[in-house]
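In the numbering used here, the protein residues as written are 471 to 620.
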């Protein structure tokens with residue numbers, strides 16, 4: 471390939487710092503347009519594919535879903551759409567992150583409570599953490615009622 475504006479899948483992956491499978495996955499999901507292929511079947515990506523993949527990865531790092539990223543990519547090339555459409559999607563991502571943080575905080579509290587019940591080496595059948603995780607009912611149901619509700 472002498473044309474530097476055309477990149478192989480390997481070159482795009484290296485420059486965007488992603489595995490080859492990520493590019494194929496993005497292509498299947500419609501996030502990355504299917505590039506033309508050589509007669510021997512090799513993908514020929516345009517140079518801006520690297521920028522697009524980096525955009526996708528940055529958006530993922532900020533908590534956008536792949537569906538939202540597809541919408542953001544479409545909004546980038548829709549001049550009649552204002553920034554408020556992007557802001558709405560960002561606010562939705564923030565709300566989802568806040569929900570996840572609340573869930574993680576709750577999980578952490580429950581796990582910390584369980585860890586506090588463990589004092590010293592126990593045999594597995596005496597471990598209060600394993601007992602609380604066991605789906606079978608405890609001998610004394612009140613022992614683990616606190617954790618079952620979580």
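Just so it is clear, CB atoms sit at the ideal spot from N, CA and C, and this is done for glycine as well. These figures come from a predicted structure and were not determined experimentally.
Residue i, enclosing alpha helix (DSSP H) - first and last residue
i           : result
residue 517 : Element bounds for residue 517: n/a, residue is neither H nor E.
residue 575 : 553-586
residue 491 : 490-499
residue 487 : Premise fails: residue 487 is in no alpha helix (DSSP H) and is neither H nor E.
residue 594 : First-last for residue 594: undefined, no H or E at that position.
Strand pairing of residue i, partner residues [DSSP]
i           : result
residue 507 : 513
residue 477 : 515
Contact under 8 Å by Cβ, residue i with residue j
i           : j           : result
residue 523 : residue 488 : yes
residue 543 : residue 515 : no
residue 502 : residue 496 : yes
residue 584 : residue 560 : no
residue 513 : residue 505 : yes
residue 529 : residue 539 : yes
Integer Cβ distance of residue i from residue j, believed to fall under 8 Å
i           : j           : result
residue 533 : residue 563 : 5 Å
residue 536 : residue 499 : 6 Å
Check: residue i C-beta below 7 Å from any heavy atom of the ligand MN
i           : result
residue 547 : Ligands are entirely absent from the displayed structure, and the ligand MN is therefore not among its contents.
(message) At 4 residues or longer, what runs of the alpha helix (DSSP H) sit wholly inside the region 527-553?
(response) 536-546
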